[in-house]
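For reference, the structure is listed below as structure tokens.
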Amino acid sequence: MTPVPPSVPAGRAVLAGTVETAVNALWDAAPLIGDRVSVVGGGMVGCSVAALLARFPGVRVELVDADPARAEVAEALGAGFASPEDAAGDRDLVVHASATEAGLARSLELLRPEGTVVELSWYGDRRVALPLGEAFHSRRLTLRGSQVGTVSPARATTRTYADRLALALELLADPALDALVTGESAFAELPELMPRLASGALPALCHRIRYDEEDTGTDARSGA
Numbered sequence: 000m001t002p003v004p005p006s007v008p009a010g011r012a013v014l015a016g017t018v019e020t021a022v023n024a025l026w027d028a029a030p031l032i033g034d035r036v037s038v039v040g041g042g043m044v045g046c047s048v049a050a051l052l053a054r055f056p057g058v059r060v061e062l063v064d065a066d067p068a069r070a071e072v073a074e075a076l077g078a079g080f081a082s083p084e085d086a087a088g089d090r091d092l093v094v095h096a097s098a099t100e101a102g103l104a105r106s107l108e109l110l111r112p113e114g115t116v117v118e119l120s121w122y123g124d125r126r127v128a129l130p131l132g133e134a135f136h137s138r139r140l141t142l143r144g145s146q147v148g149t150v151s152p153a154r155a156t157t158r159t160y161a162d163r164l165a166l167a168l169e170l171l172a173d174p175a176l177d178a179l180v181t182g183e184s185a186f187a188e189l190p191e192l193m194p195r196l197a198s199g200a201l202p203a204l205c206h207r208i209r210y211d212e213e214d215t216g217t218d219a220r221s222g223a
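The C-terminal position of the sequence shown is numbered 223 in numbering that gives the first Met the number 0, with every residue numbered one higher than the one before it.
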């Protein structure tokens, strides 16, 4: 069991799993001071990565997403924002989290020579085609996978899963991360709420579910 620090409200602690994914990704990515970094895909994972990167000294981070509404979230997190077609190039590092073929191809296009894309997307059994016959080899680009199921090799000998989760919870003391919570509903509202979330009729990053005392005998929150 990992305790939630007193500095982290319960309502923000529901983001721990996603922020833990971002921690592992940045252990894999290993950004350096002053790097130019793009995060392609402004969902929960991408926004969490952008939020942590924005706190690296001298790092210029740009969140790239097709939804212009993500600009407000990016600003709250301390990151820049651009549409895919207007995204800045010559990037040292790109973190891809859109789970789309077009997003991954665009991530490669944004790199400087010898730059790296860290792939966080999960494609399941989908096949993805990439333009590896263009500038991929001549520019010596790197495409690296990252997966939260194992602790990053960069920290595997010195950090446990519990350490990683504890770090994510410490990072959640930052109130800027409240921007990832875009709504809240009571547990009793789920039958009406879930179809709207699934269809996109109710746009959301993290829509928090509140378990009121009449539902469970407790007052707790979880993310959906």
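Glycine is no exception: its CB is placed at the ideal position from the N, C-alpha and C atoms. Since we're looking at a predicted model, the values are computed, not measured.
{"Item": "Meets three-Cβ-pair contact criterion under 8 Å: the stretch 52–63 and the stretch 147–166", "Value": "no"}
{"Item": "9 Å Cβ cutoff met for Pro202 and Asp27", "Value": "no"}
{"Item": "Boundaries (first-last residue) of the beta strand (DSSP E) holding Val210", "Value": "Here residue 210 turns out to be Tyr, not Val, going by the sequence shown. First-last of the beta strand (DSSP E) with Tyr210: 205–210."}
{"Item": "Under 9 Å between C-beta atoms of Leu103 and Leu129", "Value": "yes"}
{"Item": "Extent of the continuous alpha helix (DSSP H) to which Asp27 belongs", "Value": "15–28"}
{"Item": "Pro83, DSSP secondary structure in three states", "Value": "helix"}
{"Item": "In chain order, each alpha helix (DSSP H) run of at least 4 residues that lies wholly inside the stretch 60–117", "Value": "69–76, 100–108"}
{"Item": "Distance, Ala187 Cα to Ala68 Cα", "Value": "29 Å"}
{"Item": "Own chain partners of Ala21 with C-beta closer than 7 Å, once the 5 adjacent residues on each side are dropped", "Value": "Val44, Ser47, Val48, Leu51"}
{"Item": "Cut-off 7 Å between Cβ atoms - residues of its own chain near Ser6, not counting five sequence neighbours on either side", "Value": "Ala172"}
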